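Structure first, then comments.
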Amino acid sequence: MTEMSEDVTDISHLEHVRRRYWGRYVASAAIIALIGYVVLAFAHGQIEWRYVARFLTARSILNGLVNTIVMTVLAMVLGVVLGVITAIMRLSPNPVLQAVAQGYVWLFRGTPVILQLLLWFNLALVFPSMGIPGLFEFRTVDVMTPFLAALLGLGINQGAYTSEVVRAGLLSVDTGQYEAAKSIGMPRLQALRRVILPQAMRVIVPPIGNELVGMVKLTSLASVIQYAEMLHNAENIYYANARVIELLMVAGVWYLVVVTVLSFAQSRVERHYARGAGRASGRQ
Numbered sequence: 001m002t003e004m005s006e007d008v009t010d011i012s013h014l015e016h017v018r019r020r021y022w023g024r025y026v027a028s029a030a031i032i033a034l035i036g037y038v039v040l041a042f043a044h045g046q047i048e049w050r051y052v053a054r055f056l057t058a059r060s061i062l063n064g065l066v067n068t069i070v071m072t073v074l075a076m077v078l079g080v081v082l083g084v085i086t087a088i089m090r091l092s093p094n095p096v097l098q099a100v101a102q103g104y105v106w107l108f109r110g111t112p113v114i115l116q117l118l119l120w121f122n123l124a125l126v127f128p129s130m131g132i133p134g135l136f137e138f139r140t141v142d143v144m145t146p147f148l149a150a151l152l153g154l155g156i157n158q159g160a161y162t163s164e165v166v167r168a169g170l171l172s173v174d175t176g177q178y179e180a181a182k183s184i185g186m187p188r189l190q191a192l193r194r195v196i197l198p199q200a201m202r203v204i205v206p207p208i209g210n211e212l213v214g215m216v217k218l219t220s221l222a223s224v225i226q227y228a229e230m231l232h233n234a235e236n237i238y239y240a241n242a243r244v245i246e247l248l249m250v251a252g253v254w255y256l257v258v259v260t261v262l263s264f265a266q267s268r269v270e271r272h273y274a275r276g277a278g279r280a281s282g283r284q
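The sequence shown begins at 1 in UniProt numbering and counts up by one.
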């Protein structure tokens, strides 16, 4: 019995053979070759790099960058406000409010953003004038500027997505928290504002950060309705000088800069809320 166990367990005489992952090697070589091909294509392509450097700080591009940032901030503010309201409506015991909120989410999540932008921009074809007859009235075409159409199109669409994020955050809070607030006489809205929402923020904030990064790039769709954001201004320049790739690269560089800054800020915020969640679980 002892001799058999020694024969079985004695593996010191076996030679160690390192496993070779041929699939990884082939995939790595293919990726390196592809990257090299792309780099060489850009290096030897018909690209005038001096134009990239020249237009990187052109006034029109910088104005477009400012307009992109402004639209991103305003559209996200509108989207968050609408998202919070819609999420509360969806969690309301009132069936009418639930139906309205569900219809809003269904409509604006189910249609392309570019379609919504075009509809807002051409709203005057459906409503030539707006207002209260006899009191005040104005022509829709006078107020539905590219800026306003872009803000409504992007912000209202964002509200539909944000509502799902906020609703998930509210549902993540233990129901006992609401019951405790209710037991001390807090009205429903006050309990949401002072008890539920603060605890739900650790779930809500990280996805909202992702939505903010996405909104920066989504503003480029507003170029179809002539809003003077960065891509639109870059297009106007290359229509005049035919430096298409150079101007697109300029826009790409600035998008990467803005997204990188926002991504860094997002990671800091996520770590902050992760530490808060860790302290809360430790107290429990």
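No residue lacks a Cβ here, since even glycine has one placed at the ideal position from N, Cα and C. Quantities reported herein were computed from a predicted structural model and do not represent experimental measurements.
Express the C-alpha separation of residue j and residue i in angstroms, rounding to a whole number.
| i | j | result |
| --- | --- | --- |
| residue 239 | residue 55 | 14 Å |
| residue 101 | residue 92 | 10 Å |
| residue 72 | residue 135 | 35 Å |
| residue 25 | residue 89 | 54 Å |
| residue 252 | residue 19 | 42 Å |
| residue 282 | residue 38 | Residue confidence for residue 282 is low, a pLDDT of 47 falling below 50, so the modelled location carries little weight and cannot support an answer. |
| residue 128 | residue 150 | 19 Å |
| residue 218 | residue 266 | 18 Å |
| residue 241 | residue 235 | 10 Å |
| residue 160 | residue 200 | 18 Å |
| residue 284 | residue 176 | Residue confidence for residue 284 is low, a pLDDT of 48 falling below 50, so the modelled location carries little weight; the figure read from the coordinates is stated next. If I take the Cα positions, the gap works out to 14 Å. |
| residue 21 | residue 40 | 29 Å |
| residue 138 | residue 237 | 35 Å |
| residue 28 | residue 49 | 30 Å |
| residue 210 | residue 178 | 28 Å |
Could you round the C-beta distance between residue i and residue j to whole angstroms and report it? I think they count as a contact, below 8 Å.
| i | j | result |
| --- | --- | --- |
| residue 258 | residue 69 | 7 Å |
| residue 233 | residue 31 | That belief does not hold up - the Cβ atoms of residue 233 and residue 31 are roughly 35 Å apart, past 8 Å. |
| residue 155 | residue 79 | 5 Å |
| residue 273 | residue 202 | 4 Å |
| residue 196 | residue 173 | 5 Å |
| residue 65 | residue 230 | 5 Å |
Apply the 10 Å Cβ neighbour rule to residue i and answer buried if 16 or more other Cβ atoms are within range, or exposed otherwise.
| i | result |
| --- | --- |
| residue 158 | buried |
| residue 51 | buried |
| residue 216 | buried |
| residue 254 | buried |
| residue 121 | buried |
| residue 111 | exposed |
| residue 280 | At residue 280, the pLDDT of 48 sits below 50, so the modelled position is not reliable; the number obtained from the coordinates is stated separately. So residue 280 ends up on the exposed side. |
| residue 67 | buried |
| residue 36 | exposed |
| residue 212 | buried |
| residue 271 | exposed |
For the beta strand (DSSP E) containing residue i, name the first residue and the last one.
| i | result |
| --- | --- |
| residue 144 | That residue, residue 144, is in no beta strand (DSSP E); it is neither H nor E in DSSP. |
Terminal residues of the continuous alpha helix (DSSP H) containing residue i?
| i | result |
| --- | --- |
| residue 32 | 22 to 44 |
| residue 55 | 49 to 55 |
| residue 129 | Taken as a continuous stretch (DSSP letters only), residue 129 belongs to no alpha helix (DSSP H), being part of the beta strand (DSSP E) at 129 to 132. |
Is the shortest distance between the beta-carbon of residue i and the beta-carbons of chain B less than 8 Å?
| i | result |
| --- | --- |
| residue 71 | The chain inventory of the structure shown lacks chain B, comprising one protein chain alone. |
Quick check: the region 167 to 185 against the region 106 to 122, are at least 3 beta-carbon pairs closer than 8 Å?
no
At least 3 beta-carbon pairs within less than 8 Å: the region 113 to 125 vs the region 216 to 228
yes
So does the region 82 to 97 actually touch the region 157 to 166, counting three or more Cβ pairs closer than 8 Å?
yes
Indicate whether the contact test is met: 3 or more Cβ pairs, each with one atom in the region 189 to 198 and one in the region 23 to 41, closer than 8 Å.
no
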